[in-house]
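Trainee:
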Amino acid sequence: MAQYKLLIIDEIGYIPIDQLGANLFFQLISRRYEKGSMILTSNQSYGNWGEIFGDPIIASAILDRVLHHATTVNIKGESYRLKEKRKSGLLSQHPDEPKRETL
1 MAQYKLLIID
11 EIGYIPIDQL
21 GANLFFQLIS
31 RRYEKGSMIL
41 TSNQSYGNWG
51 EIFGDPIIAS
61 AILDRVLHHA
71 TTVNIKGESY
81 RLKEKRKSGL
91 LSQHPDEPKR
101 ETL
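Per the UniProt record's numbering, the very first residue in the sequence shown carries number 1; after that it's consecutive.
1) Would you call the CB atoms of K5 and G54 closer than 8 Å?
2) Distance, Cα to Cα, F26 vs G89?
3) Within 10 Å of its beta-carbon, does A70 have 16 or more other beta-carbons around it, so buried, or fewer, so exposed?
4) Would you check if the distance between the CB atom of N48 and the CB atom of G77 is smaller than 8 Å?
5) Looking at the secondary structure, which residues open and close the alpha helix (DSSP H) in which E78 lies?
6) Using the Cα positions of R86 and I75, report the straight-line distance between them to the nearest angstrom.
7) If you reduce the DSSP assignment to three classes, tell me which class D64 lands in.
8) Between which two residues does the beta strand (DSSP E) containing I9 stretch?
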């Protein structure tokens, strides 16, 4: 992986990562550290990475390497996919709003 100029990993934390996966991910990040660019995306805050990887120590080691030379872009707001569906009338309410039941 070090021969590639850019490594993109999308949706970190979408599914939980077991101990083996966490160890392999740490090895990947360690090998890439200061050797090539990375783009990582996640819907989870850095504070949740201990839960994602099932181990706060390995999560801290990963974040230490990832964030050392990083620029973090925090995007807040509604999913653009859901927003487009709502505009077209396919979704009628915001997902955070409680559903109203009629009797």
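Glycine included, every Cβ here is placed at the ideal spot set by N, Cα and C.
Mentor: Here's the rundown:
1) The residue labelled residue 5 in the question sits at position 5 within the sequence shown. The residue labelled residue 54 in the question sits at position 54 within the sequence shown. No, these two residues do not count as a Cβ contact at 8 Å.
2) Start at 1 with the first residue of the sequence shown, and residue 26 comes out as number 26. Start at 1 with the first residue of the sequence shown, and residue 89 comes out as number 89. If you take the alpha carbons of F26 and G89, they lie about 44 Å apart.
3) Here residue 70 refers to the residue found at position 70 when the sequence shown is read from its first residue. Residue burial annotation: A70 is exposed, with fewer than 16 other C-beta atoms found within 10 angstroms of its C-beta.
4) Residue mapping note: residue 48 aligns to position 48 of the sequence shown, counting from 1. Residue mapping note: residue 77 aligns to position 77 of the sequence shown, counting from 1. Cβ atoms of N48 and G77: not closer than 8 Å.
5) In the sequence shown, residue 78 corresponds to position 78, counting from 1. From DSSP, E78 is part of no alpha helix (DSSP H); its letter is neither H nor E.
6) For the purposes of this step, residue 86 is taken as the residue at position 86 of the sequence shown. For the purposes of this step, residue 75 is taken as the residue at position 75 of the sequence shown. Take the alpha-carbon of R86 and the one of I75: they are about 20 Å apart.
7) Position 64 of the sequence shown holds residue 64. Helix at D64.
8) Numbered from its first residue, the sequence shown carries residue 9 at position 9. From DSSP, the beta strand (DSSP E) with I9 extends over L6 to I12.
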